[in-house]
Each structure stands twice: as C-alpha cells, then as structure tokens.
Amino acid sequence: MAKETKKDPADYSVEEKLQLLYKLQTILSEIDKIKTLRGELPLEVQDLEDECARLSTRIEKFQNEIVECGQAIKDFTNRKTTALAAIEKYKADQDNIRNNREYDALKKEIEYQCLEVELCDKRIGEYTKAQNDKKADLEHETAMLQETKLDLELKKTELDEIIDETRQEEEKLRESAKNLESSIDPRLLLSFKRIRRNSRNGLGVVYVQRDACGGCFNKIPPQRQLDIRMRKKIIVCEYCGRIIIDPELAGVEMTTQQTAEPVQKKRASRKSTAAAE
312 MAKETKKDPA DYSVEEKLQL LYKLQTILSE IDKIKTLRGE LPLEVQDLED ECARLSTRIE
372 KFQNEIVECG QAIKDFTNRK TTALAAIEKY KADQDNIRNN REYDALKKEI EYQCLEVELC
432 DKRIGEYTKA QNDKKADLEH ETAMLQETKL DLELKKTELD EIIDETRQEE EKLRESAKNL
492 ESSIDPRLLL SFKRIRRNSR NGLGVVYVQR DACGGCFNKI PPQRQLDIRM RKKIIVCEYC
552 GRIIIDPELA GVEMTTQQTA EPVQKKRASR KSTAAAE
C-alpha cells in the first residue's frame with residue numbers, strides 16, 4: 312500500500328485554509344479555557360518567586376555587610392591595641408629623657424596615640440551599631456523570606472493540582488494544534504497568531520452572527536457578507552482585524568433558524584394586530 316503524501320499548505324483552497332484556521336482557533340480556545348481555570352495562580356507564583364529572589368539578595372547583602380562591619384571592628388580594635396602599647400612605651404621612655412626636645416617629641420607622640428585611641432573607639436562604636444542594625448534587618452528579612460517561601464509552596468501545590476487535572480487534556484490539544492499548524496500556510500499562520508495576540512479574548516477567526524462580526528459585533532455590509540459566503544478570498548473585519556468566515560463553514564447549524572426568528576416574530580405581530588382590528 313502506497314504511503315499517502317502530505318499536501319503542501321500552499322495547495323489548499325481558500326475554503327480549506329479557512330476550515331483549518333477555524334479548527335485551530337477552536338482548539339486554541341479550549342486551551343485558553345484550561346488556562347482560565349488556573350486563574351491568577353501562575354502570576355501569583357511568579358510574583359512570589361521574584362519576591363523570594365529579592366529577599367535572598369537582600370539577605371546576602373546584609374550578611375556581607377555584617378562580615379565587613381566585623382572586620383572593620385577587628386581592624387580598629389587592633390589599631391587601638393597598637394596605640395595603647397605605643398602610649399605605654401612612650402611613657403616609659405619619658406623616664407630616660409635627656410633634654411626638653413626629647414620630652415616634647417614624646418609628649419606629641421603620646422597625644423597623637425591618644426587621639427588614635429579616641430578615633431578607634433569612635434569607629435568601633437559606629438561599626439558596632441551598624442552591625443547590630445544589619446543583624447536586626449537580617450533577622451527581619453529572613454523571617455519574611457520564610458513566610459514568602461511558605462506562601463509560595465502553598466500556591467505551587469494548588470497550581471500543580473490544577474495542572475495535573477488538566478495536563479493530559481492540554482497535551483492532546485497542543486499536539487492537535489501543532490499538527491494543524493504544520494498544514495497551514497506559514498504566512499497565514501503568522502498573521503493569525505498576530506491577530507490572536509492583539510485580541511483580548513484570543514479569537515483570531517470568527518463567524519458572522521446576525522449580519523455582524525462575531526468578534527466586535529459591528530455590522531457587515533451585504534456585499535461583504537456575500538464575499539464571505541463565496542469563500543474565494545480571506546476576509547478580515549475592517550473594525551477589529553479578525554478573520555471572518557460564514558456560519559456554515561464554522562459548523563453552526565442554527566444560523567437559518569436564528570435569522571428566521573425576527574421574520575417570524577414580525578409576521579406573528581402583524582397577524583395579532585390584524586385580528587385585533
């Protein structure tokens with residue numbers, strides 16, 4: 312048995328292209344419905360993940376700053392120890408001075424080292440306070456991170472449950488959509504996807520409803536409706552840009568009944584009026 316060759320998308324008639332597009336639209340709409348079931352959960356999960364990343368960055372920053380403060384405290388403590396040792400040495404040397412010049416020099420060195428001790432005490436106090444503040448901030452941010460992680464886990468669990476319930480159906484729909492896309496002319500498919508992106512309800516193909524576009528509900532002129540029914544070219548709504556097809560091509564069987572309803576109501580109204588007269 313000979314293997315059936317796949318038809319080139321460019322060889323499809325306009326009617327076949329429209330049928331494929333509407334079928335693809337139907338499948339994608341079903342996928343959109345599944346996404347709607349998830350609601351805002353994916354966005355909430357993303358926001359919580361971003362918040363966790365932000366808090367983790369802040370915690371790392373505070374940890375580094377605490378280490379830097381500790382190192383600064385250690386450095387100034389060593390400088391203070393060195394200065395105190397120098398003061399003791401210079402005081403001891405004062406007992407062995409031989410003239411006023413040596414005395415003045417030692418006195419100046421002692422004064423300088425005393426200023427160094429005061430500076431070290433000041434800097435140690437400043438860095439100690441900064442370190443304590445950073446530790447308090449670190450503790451607060453860590454608690455916030457734990458709380459955010461807990462919320463994230465709950466949201467993820469809820470989202471995973473919904474995804475598990477619809478995963479099999481969604482995978483089948485996506486596979487069907489992928490197969491259909493391979494049968495559609497690439498340029499037409501690109502235009503269709505662009506229309507869908509620009510549409511609030513995700514509809515790229517709609518059918519005529521009561522002489523109006525099924526997407527924006529603006530009236531369609533009679534000649535344009537005829538062109539749509541002829542299926543000789545792809546017609547785009549001049550208001551919303553959606554591709555328009557006739558209801559029969561979309562498989563809507565109630566079109567005739569729907570269009571006949573207003574006529575039937577008018578006739579019934581006229582009969583009742585005549586009877587009353």
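First residue of the sequence shown: 312, per the working numbering; consecutive thereafter.
For each residue, glycine too, the CB sits at the ideal point set by N, CA and C.
Give me the Cα-Cα distance between Arg390 and Ile370, rounded to the nearest whole angstrom.
Going from the Cα of Arg390 to the Cα of Ile370 covers about 30 Å.
Which residues DSSP lists as bridging Ile377, in chain order:
As DSSP reads the structure, Ile377 sits in no beta bridge.
Closest to Ala396 by CA distance: which of Phe373, Val428, Glu413 and Ala416 is it?
Per the Cα distances, Val428.
Which residues in the same chain as Val556 place their Cβ atom closer than 7 Å to its Cβ, once the five residues preceding and following it in sequence are excluded?
The sequence as given places Ile at residue 556; Val does not occur at that position. If the five residues before and after Ile556 are omitted, its C-beta is found closer than 7 Å to the C-beta atoms of Leu329, Tyr333, Val516, Tyr518 and Ile539, all from its own chain and listed in chain order.
In whole angstroms, give me the CA-to-CA distance for Phe387 and Glu450.
In a straight line, the C-alpha of Phe387 is about 26 Å away from that of Glu450.
Please confirm whether Cys548 and Gly526 have their CB atoms less than 9 Å apart.
Between Cys548 and Gly526, the C-beta spacing is below 9 Å.
Within this structure, are the beta carbons of Lys274 and Glu355 separated by less than 9 Å?
Since the displayed the chain opens at 312 and closes at 588, residue 274 lies outside it and no answer follows.
Val517 lies in the beta strand (DSSP E); which residues open and close that run?
Element bounds for Val517: Val516 to Tyr518.
Within the 9 Å Cβ cut-off, does Val547 reach chain B?
Checking the listed chains, one finds no chain B in this structure; it contains a single protein chain.
On the premise that Ala403 lies in contact with Gln424, defined as a C-beta separation below 8 Å, what is that separation, rounded to the nearest angstrom?
About 13 Å separates the beta carbon of Gln424 from that of Ala403, a gap too long to meet the 8 Å contact definition.
Measure the Cβ-Cβ separation of Glu376 and Lys418 and say whether it is below 9 Å.
In this structure, Lys418 does not lie closer than 9 Å to Glu376 by Cβ.
Do the stretch 344-353 and the stretch 476-489 make contact, defined as three or more Cβ pairs closer than 8 Å?
Yes: at least three Cβ pairs fall under 8 Å.
Nearest-angstrom Cα distance between Ile546 and Ala488?
Their Cα atoms are separated by approximately 23 Å.
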